[in-house]
Amino acid sequence: EYARQVLQMATKSDKIKLPHGIVLVREYKRKKHEVFCLASCFLYKTAYYKSLTEIAQLITQTQISGPMFFKRKTHIYV
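For what it's worth, the numbering used here labels the leading residue of the sequence shown as 746, then goes sequentially.
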């Protein structure tokens, strides 16, 4: 629940920290994307990223904020 609140309250320029062990699952263009939250970074596919924005831009191929992308239509698992 804490992770959902952090994502919902995030604004475009926020740098957010999510608890270690959280998994974000977001469907985009009929593909499911899983992001694993680690202690100091995020794991997406086989690479590590410093921010959700890097991952969101990789997925969408646009200049989008990570918190804004993952704030909507994202399932959060522990």
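Cβ atoms here follow ideal geometry from the backbone N, Cα and C, with glycine treated the same way. Values in this document were obtained by computation on a predicted structure and should not be read as measured data.
Which listed residue (Pro812, Tyr747, Ala784, Ala755) has its alpha carbon closest to that of Gly766: Counted from its first residue, the sequence shown places residue 766 at position 21. Of the listed residues, the one whose Cα sits closest to Gly766 is Ala784.
Same chain, Cβ closer than 6 Å to Ile804, five either side skipped, listed in chain order: Taking the sequence shown and counting its residues from 1, the one referred to as residue 804 is at position 59. The beta carbon of Ile804 sits closer than 6 Å to those of Tyr773, His778, all from its chain and outside the five residues before and after it, given in chain order.
Enclosing beta strand (DSSP E) for Leu788 [first to last residue]: For the purposes of this step, residue 788 is identified with residue 43 of the sequence shown, where counting begins at 1. Following the DSSP letters along the chain, one finds Leu788 inside the beta strand (DSSP E) bounded by residues 787-789.
Under 8 Å between C-beta atoms of Tyr832 and Val770: One cannot answer for residue 832 here, as it falls past the ends of the chain, which runs 746 to 823.
Strand pairing of Thr798, partner residues [DSSP]: Reading the sequence shown from its first residue, position 53 is the one you call residue 798. Secondary-structure assignment with DSSP links Thr798 through no beta bridge to anything.
Ala748 burial status per 10 Å Cβ neighbour count (16 or more: buried): Here residue 748 is taken as the residue at index 3 of the sequence shown, counted from 1. Sixteen is the threshold: when 16 or more other Cβ atoms of the shown chains lie within 10 Å of the Cβ of Ala748, as they do, the residue is buried.
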